[in-house]
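Q:
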Amino acid sequence: MKTRFTLGCAEEVDFVVLAINSHIKAYKLCWNINSSMQLKFEKKNDHNIKEDLWFSRYTYISDDGIEYDLLANRSKKGYLVPNQKSVNYFLVVKNDYWEQDKLQFISKLRNTPDVLLVFEIDMVSLKYIDRFIFNDKEN
3 MKTRFTLGCA EEVDFVVLAI NSHIKAYKLC WNINSSMQLK FEKKNDHNIK
53 EDLWFSRYTY ISDDGIEYDL LANRSKKGYL VPNQKSVNYF LVVKNDYWEQ
103 DKLQFISKLR NTPDVLLVFE IDMVSLKYID RFIFNDKEN
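First residue of the sequence shown: 3, per our numbering; consecutive thereafter.
Quick look at the structure:
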């Protein structure tokens, strides 16, 4: 009988993911977030996870080194996170002090015009965590 070994590797992530529901286009959502939260999102190259799956992406890096990436959940060919089809956008936040800033940040985001719902995604149970890791050539 063949013996099968499985290598278990718990991935440690240095970011959190917020789910955002909004019925407006990504560029308009970024403009609203920029206006209400004093951020400066800019359009980046679309995020590619497979040959035909491209997702709209906007990025901002603050003076404090906090990184924000806004990703659309829907593309013409599928979803970034298929088991979260009701979510319109994901906001990936890389912030070493997230636990201190979380409540205030989410509260401001919820009060942004055209934002209907914001909640934090449970990173432990997230099946598609690898889709939020960016391999930018310019970084």
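Backbone N, C-alpha and C define an ideal beta-carbon position, used for all residues, glycine too.
Considering leucine 105, what are the terminal residues of the beta strand (DSSP E) in which it resides?
A: Per DSSP, leucine 105 belongs to no beta strand (DSSP E); it is in the alpha helix (DSSP H), 100-112.
Q: Quick check on lysine 45: does DSSP put it in helix, strand or coil?
A: Looking at lysine 45 - three-state DSSP - the assignment turns out to be strand.
Q: Taking the alpha helix (DSSP H) that lysine 30 belongs to, which residues open and close that run?
A: Taken as a continuous stretch (DSSP letters only), the alpha helix (DSSP H) holding lysine 30 covers 28-39.
Q: Please work out which residues of its chain come closer than 6 Å, Cβ to Cβ, to proline 115, disregarding the five sequence neighbours upstream and downstream, and give them in chain order.
A: Cβ within range, chain order: Asn34.
Q: When burial is assigned at 16 or more other CB atoms within 10 Å of the CB, is threonine 61 buried or exposed?
A: The residue in question, threonine 61, is buried, as its Cβ has 16 or more Cβ neighbours within 10 Å.
Q: Check this for me: beta carbons of tyrosine 130 and valine 95, under 8 Å apart or not?
A: Cβ atoms of tyrosine 130 and valine 95: not closer than 8 Å.
Q: Given a cut-off of 8 Å, decide if phenylalanine 134 and leucine 20 are closer than it, judged by their beta-carbon atoms.
A: In this structure, phenylalanine 134 does not lie closer than 8 Å to leucine 20 by Cβ.
Q: Using CA atoms only, rank isn't needed, just tell me which of Leu111, Leu118, Gln86 and Lys27 is closest to lysine 45.
A: Comparing Cα positions, the closest option is Lys27.
Q: Would you list the residues sitting across from leucine 73 in a DSSP beta bridge?
A: In DSSP, leucine 73 forms a bridge with Arg59 and Phe92.
Q: Identify, in the order they occur along the chain, each residue of the same chain with its Cβ nearer than 7 Å to the Cβ of asparagine 36, setting aside the five sequence neighbours on each side.
A: Same-chain partners within the cutoff: Lys42 and Phe43.
Q: So what does DSSP say about isoleucine 51, is it helix, strand or coil?
A: Note: isoleucine 51 maps to strand in three-state DSSP.
Q: If we count the other Cβ atoms within 10 Å of its Cβ and call it buried at 16 or more, is histidine 25 buried or exposed?
A: Its Cβ having fewer than 16 others within 10 Å, histidine 25 is exposed.
Q: Express the C-alpha separation of leucine 73 and aspartate 66 in angstroms, rounding to a whole number.
A: For aspartate 66 and leucine 73, the distance between alpha carbons rounds to 22 Å.
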